[in-house]
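As given, the protein sequences belong to chains A and B, one line each in that order.
Mapping to this note's numbering: the first sequence position 64 is 64, numbers consecutive.
Positions in the second sequence are counted from 1; adding 1000 to them yields this note's numbering.
The C-beta atom is built at its ideal place from N, Cα and C for all residues, glycine as well.
One structure is given here, and the rest of the page talks about it.
Number of protein chains: 2
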Amino acid sequence: MSSLSIRTSRGTYEVLVGAGFLAKEISAQTAVIVDPAVRLTTPGRTPVIAFEAHEGVKTLAGVERVLISMHEAGVRRGSSLGAVGGGVIQDVATLASSIYMRGINWTYAPTTMMAMLDSCIGGKSSINVAGIKNLVGNIYPPERVIVDVSVAQSLPIEARIAGYAEAAKICFAGGSASFDQFLALAPTAAQFASDTHMEESILLTKHVLKVKQWFIETDEFDRQERLILNFGHTFAHALESALDFALPHGVAVAIGMAAAIRYNDPRTSASRALDDYVAGMARQLPGDFSGRLAHPDWERFQRALESDKKGSAAYLRFVLAAQDGSLSLQERDRSRTTIEDATAAARQALEDFTRRVGEQT
Amino acid sequence: MSSLSIRTSRGTYEVLVGAGFLAKEISAQTAVIVDPAVRLTTPGRTPVIAFEAHEGVKTLAGVERVLISMHEAGVRRGSSLGAVGGGVIQDVATLASSIYMRGINWTYAPTTMMAMLDSCIGGKSSINVAGIKNLVGNIYPPERVIVDVSVAQSLPIEARIAGYAEAAKICFAGGSASFDQFLALAPTAAQFASDTHMEESILLTKHVLKVKQWFIETDEFDRQERLILNFGHTFAHALESALDFALPHGVAVAIGMAAAIRYNDPRTSASRALDDYVAGMARQLPGDFSGRLAHPDWERFQRALESDKKGSAAYLRFVLAAQDGSLSLQERDRSRTTIEDATAAARQALEDFTRRVGEQT
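Here is the structure:
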């Protein structure tokens, strides 16, 4: 089992990466909030707070439900709460732990690939209020993060691909050495956490989190360095809109990165390697996945692009690769040309991706 | 206008003490949450979020209502929220500001005597969940505290007395020099913020907050030094219970301090001066106030005393004065004698106080 220590302005927390140790770790908690979708091996006598996680309960009412359950489960000032699940569980547990009796310790065990390979560290909670997405939230790091890669064994392939896309993005943003190492370590998404690739899966996870660690420690509050982790995301968000949110976010990020590469075509070996990697991810998806990519609404794409939060009145902002392989936040004037070029790049990336879905190699 | 700078683990904030400057300060805020019970001079075009403050809305639903109003009022990441009111407004605004868009600046203007002379600094939010009092909360200091003593002009005498009781307690806990200075500065509660005593009221307020400042800076998280600010409170809480919460908390604190003095009778000049001061507060109350002190349930008093949160399985804990005038947290075994002695002291203090209510000097 390996571990990382993440420094934050509120102290340091440990990230343990391994396989098969989740149940034991969780049984040391006072109570544990678990998404019933996660097949958690029984955590002994630890009281379980079942919380069916979805966007609709990422609300203050959802947080309140958890707070009441924590009280009923005997959580007190010196207690520690366990949280086992994906992003919504992390959001709700972060806020609940931060305000329960003015703040208690908590331990987070991510169970989605996106959470394991990316969002389990540097997390900020995001809670919807009155239908306004992510209006409230805060920063309250867990005491420990338990990344048990074996939990990924039951995940469907598109959820795995989604996590790999964010992981590839992080390592690409970390520079060519970190991306080369990612490619060298990466078993395919289908192999991740299989009995024969457990060791590589652990090494890969640790590598990705170590690269992300640099970003979150250098720029805890998302002011500069960390912003380039939005690579692919301006395109991805607009594509999700154009495809009516029918695809996992991470898959949209994969296509979004391919679009960003096509948009300003840096023709570096790293860009080509990333583009090839995205194509390889498409091939791992089942053939019928292409149905979810079939009817993009390009007007909706353009409206989403124009309302991107990163932009200003005069400019749209994209994270783009330069000739030297580095990523940076770049401004483009809000002209018809910018919009048309971006749309053409996204259209090309989506077509390329769709063509490769389910393709035999 | 005078100012204090309070240091906390999350940075420093300013406390401005003066008269007649609230409206101007508030009009600089993006929006302001105000208890309609407060007669706030119009804050120009600043959007006002009316929030009728009482214990029943000190809930997450109440906080959510404020969050939605903040969004409607145009509060954004760089905005500052004003909050004008007593403890409940402070509680709700603390939590709302701390999580709105992951935390925005806020400015607090206390409008009760308790808040002006005590709780406006060192504040921690307390929110009820599912009827469990103060189950959640956090620490999120305002950017600025605006203490405009002229706001107190409209307050009824018992609310003034309540504030003075906490102020006397803080200065007594601060040592004989600080208590002497309190007595020298203090206009009577009835005179506080009157046109002829505005300057003394400002000096008094600043003195009390300066004494409290030492406690909260020395012990931000209530671990040691700050605990002695609970002087009188073990008795006060049990008395509130015995009198079915018919009296303001601060008045119960006044009687509670007199009870603590009677309980271990330190016979110091400071203790006598405090006891005289409490008697003087009773005299300032209107004659009919004694009706609210008339039917104590001493069995309920004893049950409340026995379940006091500061105690352990073996001991009850009181903050008591020693022969040298200093206050300390002292343990008494949970014997019948302890309970009977404490009840006798409280009974005596309540009788002495009641006899003096409305007494002409």
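Next on the checklist: Applying the 10 Å Cβ sphere with the 16-neighbour rule, what's the burial state of THR1234 (chain B)?
Outcome noted: buried
Next on the checklist: Once the 5 residues before and after ASN1134 (chain B) are set aside, which same chain residues still bring their CB inside 6 Å of it?
Outcome noted: SER1126
Checklist entry - Looking at C-alpha atoms only, which residue of B:GLN1323, B:GLN1224, B:GLN1153, B:GLU1331 is the closest neighbour of THR1268 (chain B)? => result B:GLN1323
Checklist entry - Any chance the region 344 to 351 of chain A sits against the region 253 to 272 of chain A, with 3 or more Cβ pairs inside 8 Å? => result yes
Item to check | CA-to-CA distance, THR1188 (chain B) to ARG1223 (chain B), given in whole angstroms | outcome: 33 Å
Next on the checklist: Is there a C-beta anywhere in chain B that falls below 7 Å from the one on VAL66 (chain A)?
Outcome noted: no
Item to check | Own chain partners of LEU16 (chain A) with C-beta closer than 8 Å, once the 5 adjacent residues on each side are dropped | outcome: MET1, SER2, SER3, GLU25, ARG144, VAL145, ILE146, VAL147
Checklist entry - Helix, strand or coil: which one does DSSP assign to GLU331 (chain A)? => result strand
Checklist entry - So what does DSSP say about ARG225 (chain A), is it helix, strand or coil? => result Arg is not the amino acid found at residue 225 (chain A); the sequence shown has Glu there. In the structure shown, GLU225 (chain A) sits in a helix (DSSP, three-state: H, G or I).
Checklist entry - Considering only residues of the same chain and omitting the five flanking positions on each side of VAL1362 (chain B), which have a CB-CB separation below 6 Å? => result Residue 1362 (chain B) falls outside the range modelled here, since chain B spans only 1001 to 1361, and no answer is possible.
Item to check | Cβ neighbour criterion (16 or more within 10 Å) applied to ALA294 (chain A) | outcome: exposed
Item to check | Three-way DSSP call (helix, strand, coil) for PHE353 (chain A) in this model | outcome: helix
Checklist entry - Excluding sequence positions up to five away, which residues of its chain have a Cβ less than 8 Å from the Cβ of LEU1081 (chain B)? => result GLN1029, THR1030, ALA1031, VAL1032, ILE1033, MET1070, VAL1075, ALA1093, ALA1096, SER1097, TYR1100, ILE1104, ASN1105, TRP1106, THR1107
Item to check | Residue span of the alpha helix (DSSP H) that contains ASN264 (chain A), given as start and end | outcome: 249 to 264
Item to check | Element boundaries [beta strand (DSSP E), containing THR1012 (chain B)] | outcome: 1011 to 1018
Next on the checklist: With a threshold of 7 Å between beta-carbons, can LEU247 (chain A) be considered close to chain B, or not?
Outcome noted: no
Checklist entry - Between the C-alpha atoms of LEU1239 (chain B) and ARG1039 (chain B), what's the straight-line distance to the nearest angstrom? => result 32 Å
Item to check | Own chain residues within Cβ distance below 7 Å of VAL1251 (chain B), not counting five before or after | outcome: GLU1158, ILE1161, ALA1162, ALA1165
Checklist entry - Residues bridged to VAL1063 (chain B) by DSSP? => result DSSP output for VAL1063 (chain B) lists no bridge partner at all.
Checklist entry - According to the neighbour-count rule (16 or more other Cβ atoms, all chains shown, within 10 Å of its Cβ), is GLY62 (chain A) buried or exposed? => result buried
Checklist entry - What runs of the alpha helix (DSSP H), each 4 residues or longer, lie entirely inside the region 1081 to 1156 of chain B? => result 1087 to 1099
Next on the checklist: Taking the alpha-carbon of GLY174 (chain A) as reference, which of A:VAL208, A:ALA53, A:ALA193 has the nearest alpha-carbon?
Outcome noted: A:VAL208
Next on the checklist: So for THR1008 (chain B), helix, strand or coil by DSSP?
Outcome noted: strand
Next on the checklist: Checking the sheet assignment: what are the DSSP bridge partners for PHE1235 (chain B)?
Outcome noted: Bridge partners of PHE1235 (chain B): none, in fact.
Item to check | Cβ-Cβ separation, MET116 (chain A) to ALA152 (chain A) (assumed contact under 8 Å), whole Å | outcome: 7 Å
Item to check | Member of B:GLY1086, B:ASP1195, B:LEU1067, B:GLU1072 whose CA lies at the smallest distance from the CA of GLY1018 (chain B) | outcome: B:ASP1195
Checklist entry - What is the DSSP secondary structure of PHE318 (chain A), counted as helix, strand or coil? => result strand
Next on the checklist: If contacts are defined as beta-carbon pairs under 8 Å, then ALA342 (chain A) and LEU305 (chain A) qualify, I think. What distance do you get, rounded to the angstrom?
Outcome noted: 6 Å
Checklist entry - If you drop the 5 nearest sequence neighbours on each side, which residues of the same chain put their C-beta closer than 8 Å to that of LYS1169 (chain B)? => result LEU1229, PHE1231, GLY1232, VAL1253, MET1257
Next on the checklist: Just to confirm the assignment, what range does the alpha helix (DSSP H) spanning VAL75 (chain A) have?
Outcome noted: Segment: none, VAL75 (chain A) is in no alpha helix (DSSP H) and carries neither H nor E.
Next on the checklist: What would DSSP say about SER1326 (chain B), mapped onto helix, strand or coil?
Outcome noted: coil
Checklist entry - For VAL38 (chain A), which residues does DSSP report across the bridge? => result Per DSSP, none; premise fails for VAL38 (chain A).
Checklist entry - Which of helix, strand or coil does DSSP assign to ALA1342 (chain B)? => result helix
Checklist entry - Where DSSP assigns a beta bridge to SER1003 (chain B), which residues make up the other side? => result B:LEU1016
Checklist entry - For ALA50 (chain A), does the three-state DSSP call read helix, strand or coil? => result strand
Next on the checklist: Which residues in chain B have a C-beta closer than 8 Å to the C-beta of VAL363 (chain A)? List them in chain order.
Outcome noted: This structure cannot speak to residue 363 (chain A), because chain A is shown only from 1 to 361.
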